[in-house]
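**Student:** Final position of the sequence shown in our numbering is 273; the numbers increase by one with none missing.
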Amino acid sequence: MSKPELNQQTIVAFLGDIFERRGGEEYLGEPVTMAEHMLQGAHFAEKAGEPEVIVVSALLHDIGHFTSEFGTFSMADTEDRFHEDAGADVLQDYFPTLVTDCVRYHVAAKRYLCAVKPAYFKRLSEASVHSLNLQGGAMSEAEVAEFEQNPNLKEIVKVRYYDDAGKRDDLETQPFSHYAPMVQRVVDAHFAGQV
Ligand code: FE
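#1: Can you tell me where the alpha helix (DSSP H) with LEU202 in it begins and where it stops?
#2: Can you tell me which of PRO253, GLY107, GLU114, ALA187 puts its alpha carbon nearest to the alpha carbon of GLN213?
#3: Roughly how many whole angstroms lie between the Cα atoms of GLU108 and ALA123?
#4: Considering only heavy atoms of ligand 1, does any lie closer than 7 Å to the CB of HIS256?
#5: Return the Cβ separation of GLY119 and TYR240 in integer angstroms, given the expectation that the two are a contact with Cβ distance under 8 Å.
#6: Relative to the C-alpha of TYR190, which candidate in GLN170, ALA216, GLY244, GLY165 has its C-alpha closest?
#7: Assign ASN230 to one of two classes, buried (16 or more other C-beta atoms within 10 Å of its C-beta) or exposed (fewer than that).
#8: Helix, strand or coil for GLU128 per DSSP?
#9: By Cβ distance, which residues of its chain are closer than 6 Å to ALA267, with the 5 residues on each side in sequence left out?
#10: Can you tell me whether SER135 is buried or exposed? The criterion is at least 16 other CB atoms within 10 Å of its CB, across all chains shown.
#11: Pull up the CB-CB distance for VAL131 and HIS184, whole angstroms please, since I reckon it's below 8 Å.
#12: Applying the criterion that 16 or more other CB atoms from any shown protein chain within 10 Å of the CB defines a buried residue, is ASP35 buried or exposed?
#13: Check whether the Cβ of HIS121 sits closer than 7 Å to any heavy atom of ligand 1, and report yes or no.
#14: So is the beta-carbon of HIS115 under 7 Å away from any non-hydrogen atom of ligand 1?
#15: Would you report the Cα separation of TYR172 and THR111, rounded to the nearest angstrom?
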């Protein structure tokens, strides 16, 4: 699929196409592909009965690994570095702030949880501990206080847990197409000014 004009009507198919073509790529250090990782996060969120906006946030939280697909970023941006900002930036024209905050702060949420919940660190995978160090380690007290100002803190932390859960090598998930109507509803609600 060549790059279409992105708008309310085309964004969901475009995202689905990225899952299809790029989703098989390795998630460095984890036993799942990038698509499996995001689909597993969405799977656990849906199973837990979360609102659609949380399921969609879990589904798209790592889309920043593929921002070169959106044509607005240089090749250098396809590296893992700051994929959370890149992902939020490409989604922000189509999705509510709740979704882009969950995407933008999913790495910060790991640093936050390491600071406020000592038991959380033990749950992290080896690769996630490694990247934690590159990302600045646990938050300082001042960083924690600032992070807690975000009105979407609860949802951001939730999506972080679904992110951590989505690293299993023994789980069959639904394809992107299962979530596409839900993603479209979240986009449509955003364009309708409801969220
Ligand atoms: Fe992730």
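Backbone N, C-alpha and C fix where the C-beta goes; we use that ideal spot for every residue, glycine too.
**Tutor:** Short version:
#1: Under the DSSP assignment, LEU202 falls outside any alpha helix (DSSP H); it carries neither an H nor an E label.
#2: Closest option to GLN213, judged by alpha-carbon separation, among PRO253, GLY107, GLU114, ALA187: ALA187.
#3: Computed Cα separation, rounded: 20 Å.
#4: HIS256: no, Cβ never under 7 Å from ligand 1.
#5: Indeed, because the Cβ distance is near 4 Å, the residues count as touching under 8 Å.
#6: Out of GLN170, ALA216, GLY244, GLY165, ALA216 has the C-alpha closest to the C-alpha of TYR190.
#7: Around the beta carbon of ASN230, 16 or more other beta carbons lie within 10 angstroms, which makes this residue buried.
#8: Note: GLU128 maps to coil in three-state DSSP.
#9: Cβ neighbours of ALA267 beyond the five flanking positions: VAL273.
#10: Label assigned to SER135: buried.
#11: The pair is not a contact, with the Cβ atoms about 15 Å apart (cut-off 8 Å).
#12: What is shown of the chain runs 79 to 273, which leaves residue 35 out entirely.
#13: Taken from the Cβ of HIS121, every heavy atom of ligand 1 lies 7 Å or farther away.
#14: With a cut-off of 7 Å, the C-beta of HIS115 is classified as near ligand 1, since at least one heavy atom of the ligand falls inside that distance.
#15: When rounded, the distance between both Cα atoms is 25 Å.
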